[in-house]
Amino acid sequence: MRYLSQRYTMPYGMQKALLTDIGTEELGHLEIVAAIVHQLTRDLTADQLVEQGFGPYYIDHTAGIWPQAAGGIPFNACEFQSKGDPITDLFEDLAAEQKARSTYDNILRVIKDPEICDPIRFLRKREIVHFQRFGEALRDLQEHLDSRNFYAFNSAFDKNGLFAASQALSDHEQATV
Ligand SMILES: [Fe+2]
């Protein structure tokens with residue numbers, strides 16, 4: 000959802016295409032994770048769900064799939080950003096991929112079942128590839144931007160850079176006073 004939302008304000012086709020591709024792939028990853036959770040929980044009784052710490056979840060959702068963090072925080076749009084600023088958004092995406100990779104690392108430290116670990120290892124590898132692709136996208140974007148305005152204005156919104164130029168100058172003056 001993050002990538003499929005951010006794609007619209009990317010100024011160049013390369014970044015739009017990459018966000019569309021990776022965003023679509025991530026939907027497939029959601030299906031993989033949901034299938035794993037469903038296969039692990041679908042045959043459990045209410046007592047077993049409670050014994051294994053899923054009591055509150057069971058009361059609210061039975062054995063249905065409802066996205067939430069491991070700590071219980073439900074998924075909502077605040078989980079990701081779409082700032083409408085290409086550099087800001089790509090930096091967020093790079094961090095998101097590393098956070099996903101760290102989460103998979105943590106899962107692999109505590110889960111030993113190979114039928115779970117194998118797909119998790121696959122997903123982990125994809126996050127590393129996504130991080131590399133977003134790094135390329137950021138470098139490509141930077142090469143096309145006006146170097147005088149690097150990080151000083153929103154290249155998707157302040158297209159003429161007038162706000163940026165004056166603001167960057169006053170920021171510089173304040174920093175050097
Ligand atoms: Fe990813």
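Residue numbers for the sequence shown follow numbering that gives the first Met the number 0, beginning at 0 and rising by one.
We put the CB at the ideal spot given by N, CA and C, even for glycine.
DSSP three-state assignment for residue i, whether helix, strand or coil
i, result
"residue 176", "In this prediction, residue 176 scores a pLDDT of 48, lower than 50, which makes its location untrustworthy; the coordinate-derived value is nonetheless stated afterwards. DSSP places residue 176 in coil when its eight states are reduced to three."
"residue 131", "helix"
"residue 80", "coil"
"residue 66", "coil"
"residue 85", "helix"
"residue 113", "helix"
"residue 10", "coil"
Buried versus exposed, by CB contacts within 10 Å (16 or more), residue i
i, result
"residue 7", "exposed"
"residue 95", "buried"
"residue 176", "Any reading at residue 176 must be qualified, since the residue scores a pLDDT of 48, below 50, and its modelled position is unreliable; no value is offered."
"residue 177", "The structure shown does not extend to residue 177, since the chain is modelled only from 0 to 176, so the question has no answer here."
"residue 121", "exposed"
"residue 46", "exposed"
"residue 114", "exposed"
"residue 84", "buried"
"residue 24", "exposed"
"residue 152", "buried"
"residue 156", "exposed"
Residue i: CB within 7 Å of a non-hydrogen atom of ligand 1
i, result
"residue 21", "yes"
"residue 6", "no"
"residue 125", "yes"
"residue 136", "no"
"residue 96", "yes"
"residue 25", "yes"
"residue 37", "no"
"residue 179", "The structure shown does not extend to residue 179, since the chain is modelled only from 0 through 176, so no value can be given for it."
"residue 60", "no"
"residue 143", "no"
Pair within 8 Å by beta-carbon distance, residue i and residue j
i, j, result
"residue 118", "residue 31", "yes"
"residue 107", "residue 130", "no"
"residue 4", "residue 86", "no"
"residue 140", "residue 14", "yes"
"residue 53", "residue 0", "no"
"residue 132", "residue 64", "no"
"residue 150", "residue 126", "no"
"residue 99", "residue 17", "no"
"residue 62", "residue 41", "yes"
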